[in-house]
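Please read the structure below before turning to the comments.
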Amino acid sequence: MVLADVLKRWQQIKGKGTFFLTGTDEHGMKIQRAAAKEGIAPKEFCDNYSNKFRELAAAGDISHDAFIRTTDLEHKEAVSEFLLQLKHTLPEHLGLYKGTHEGWYAVSDECFYPEDLVRPDIVPQTGKKIMVSDETGSEVEWVKEETWFFPLTKYKDALLKFYDENPNWITPAHRMNEVRNWVENHLEDLSITRPAARLSWGIPDPEDRSQTIYVWVDALINYITQAGYGRKWHSSSDNMGLWPADLQIIGKDILRFHAVYWPALLMALNLPLPKQLLCHNHWTMSNRKMSKSLGNVVNPFFAVQRWDIDPLRYFLMRNGSFTKDMSYSNQLIGSVYAKELQANIGNLLYRIARPKVTSKWSTLEAVTAFRQGAFEEIRDHTSQQPFLSLDDHLEKITSAYYEEMEKYNTGGAIREVFNLLRETNRYVSDTEPWNLVKNSNPQSRILLNLVIYNCAEALRIAGILLQPIMPTKASLLLNELGVREDRRTLEFASKGKDPEYGTEAQTGDSAARLKKWDTIFPPTPNANDSDAEIMEQLSSALHDKTKNKMNQVAELLAMEARMGEEAVAKMLAEMHAARLKTAKKTSRL
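The number in our numbering is simply the position in the sequence shown, starting from 1, with 404 added.
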């Protein structure tokens, strides 16, 4: 949901109209058994869990336009019409037929698996011998039943042709290879109903009440239900409104349903396919997929309470991957929070917008100086190159960020913003505005305003670009800089595009200064959230320069910008080791 929300907001700051659908898939054997285990009716069971997902969407600041439930009446009607069209509007060899199906079925996956994709296994806790799916490790059971079949094998050539003509239909590319391999080597006709005697919790076949529609056929149709199928339109010759979707975002465990079954079903009714699928990997703890049965799950509501939603969104989008499973832990989030959010963004913002040298400079004065052309002559003096050293980074950031976001690489996009602000911390360290402000000559004042302007531009552009990732925090940052609401779109995310922002310097004594708990990224309750080893090394290396931990991290960022992360890590480790060695010798003496 967060990934979909970020990509929606990205389109919005580009100026595009959007519609974002999410919801809950509520039918099937898995739900039926889970409800029975709890001793409640399936609908009550689904009501409880669907409400939890609604609450989670709200807690996650998810800006969905619709939340669909597959138990909604209009969805049931759409599924019934879809099934009737499959039965009665297609040539005999391409439409549904009735037959007997037997095979290995995984209730937890709601999926049949071919004989060559199951294997024997043993339950560690009990020693019970079972059969499991090679793909998911889920237990399978042998099922034999009379059902309606969709002739999926008849659509093999059409599917392969579509993949050939649309090689970028699935992101990442290696997922397309998996799908193609499945279609070429494992395709079977799809059993799209289940005997009602075995599965009662689902949408009944409108013509055969002894059959219940297969949960995945039911679930997939939700996309066109929301677009108006069955109510506003019935075929591709009608105005289909929102359909086809520009992008459907799915987890890797449901790729086959979306990349094989779904396109074949749409092809059967001559309906357009979604334009692209985006397939993400799973979050793990201790390198194992999160699972209630294993007890290694994260309560997302607790995570939001601990970190606040925007820092959590930032971490998920920073470390999320389409190529490998991702590791989740509070220690990982803590390190990112301290370095990239508190120091690289928050500390930089307050150094520039609310300097401790109260009322000695302001972003408003700096932006006004830019608007009045005060910086033009500086470019002609090569001696002032340090003051222009941020220009290239400011020029490149938006196009680099745009390129990554268009590839759905949120981690790469965040890295571009991180690098810009790290360079800005380096720029502040190199130009030392706190020293420039002490010099009363006019040239020093121009240079001071240039430094503050360049830093403010870096923060303003970063704030605009980070809106999809951290909507609330980015808004606070832009408010702090005095950026107007109507100038927060992508067209303004370039140096010099907004010449009318800035805030006056804060006046008053030191007691009136901003308290750290009121900052954009306040301290976390647990002091051990940051990387303890790095903080110890920094304290050791920079103790003589500054004792302030946040300034130490800011200096770390500046050093990384100058030397590179690996070189700085090596240098700090060596300095820390040398200091410890000296301390040991002294203690012996």
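Here a beta-carbon is modelled for each residue, glycine too, at the ideal position from N, C-alpha and C. Values in this document were obtained by computation on a predicted structure and should not be read as measured data.
Using a 10 Å radius around the Cβ and a threshold of 16 neighbouring Cβ atoms, would you call residue i buried or exposed?
i	result
ALA915	Bear in mind that the predicted position of ALA915 carries a pLDDT of just 47, short of 50, making it unreliable; the figure below should be weighed with that in mind. ALA915 should be labelled exposed.
HIS578	exposed
VAL702	exposed
PRO872	buried
GLY606	buried
TRP666	buried
ASP642	exposed
ASP796	exposed
SER639	exposed
ASP650	exposed
ALA866	buried
Using only CA atoms, which one of the options lies nearest to residue i?
i	options	result
VAL855	ALA817, ALA773, GLU588	ALA773
PHE554	LEU673, ALA878, ARG758, ALA958	LEU673
ALA962	GLU611, TYR618, ALA440, LEU825	LEU825
LEU794	GLU820, ASN685, TYR831, LEU736	TYR831
ARG710	ASP513, GLN529, THR928, ASN572	THR928
GLY541	CYS859, TRP508, ASN452	TRP508
PRO676	TYR633, LYS693, MET689, ASP714	TYR633
GLU539	MET644, LEU659, ALA982	LEU659
ASN829	ALA600, CYS450, ALA747	ALA747
LEU885	ASP612, GLU908, LYS811, GLY645	GLU908
VAL544	ILE444, ALA977, VAL511, GLY531	VAL511
ALA1026	PHE423, GLY443, ASP409, GLU496	With the chain covering only 405 through 993, there is no way to say anything about residue 1026.
ILE749	ALA439, LEU500, GLY443, THR923	THR923
LEU603	LEU670, MET671, HIS638, GLU514	GLU514
ALA600	ASP593, ASP609, GLU592	ASP609
ASN823	ASP890, TRP647, LYS743, PRO495	LYS743
HIS758	ASP890, GLN652, GLY906	The identity of residue 758 in the sequence shown is Arg, whereas the question assumes His. With distances taken between Cα atoms, ARG758 lies closest to GLY906.
GLN416	MET979, THR893, GLU969, LEU651	THR893
ASP834	PHE791, ARG717, ILE850	PHE791
ILE737	ALA439, LYS728, ARG755, ASP714	ASP714
ARG755	PHE457, VAL664, GLN910, LEU494	GLN910
GLN956	GLU970, GLN941, ALA770, LYS636	GLN941
Expressed to the nearest angstrom, what Euclidean distance is found between the alpha-carbon atoms of residue i and residue j?
i	j	result
ARG775	LYS899	12 Å
LYS491	SER454	32 Å
TYR567	TYR559	12 Å
HIS662	LEU720	24 Å
GLU588	LYS548	25 Å
THR597	GLN436	15 Å
GLY464	VAL406	7 Å
ASN572	LYS418	22 Å
GLU430	THR551	21 Å
PHE896	LEU870	13 Å
LEU752	MET730	29 Å
GLN615	LYS800	59 Å
ALA982	LYS949	18 Å
SER595	ASN626	19 Å
LYS420	GLY427	23 Å
SER848	ILE818	34 Å
TYR517	SER537	7 Å
PHE706	MET694	16 Å
LYS877	VAL740	15 Å
So for residue i, helix, strand or coil by DSSP?
i	result
ALA601	coil
MET644	coil
SER766	coil
HIS505	strand
MET874	coil
SER595	strand
THR422	coil
THR1070	The structure shown does not extend to residue 1070, since the chain is modelled only from 405 through 993, so no value can be given for it.
THR510	Here residue 510 is Ala; the residue named in the question, Thr, does not match the sequence. In this structure, ALA510 counts as strand in the three-state DSSP scheme.
THR814	helix
LYS985	helix
ILE617	strand
THR551	strand
SER725	coil
MET954	helix
MET694	coil
ILE625	coil
Is the Cβ of residue i closer than 7 Å to any Cβ of chain C?
i	result
LEU851	The chain labelled as chain C is not found in the depicted structure, where only one protein chain is given.
Bridge partners of residue i, per DSSP?
i	result
HIS684	GLY655
ASP609	ASP612
LEU946	Its beta-bridge partners do not exist; DSSP assigns none.
PRO524	MET535
GLU543	VAL536
PHE822	Per DSSP, none; premise fails for PHE822.
How about residue i: is its Cβ closer than 6 Å to a heavy atom in the ligand MN?
i	result
LEU753	In terms of ligand content, the structure shown is empty, and the ligand MN therefore cannot be addressed.
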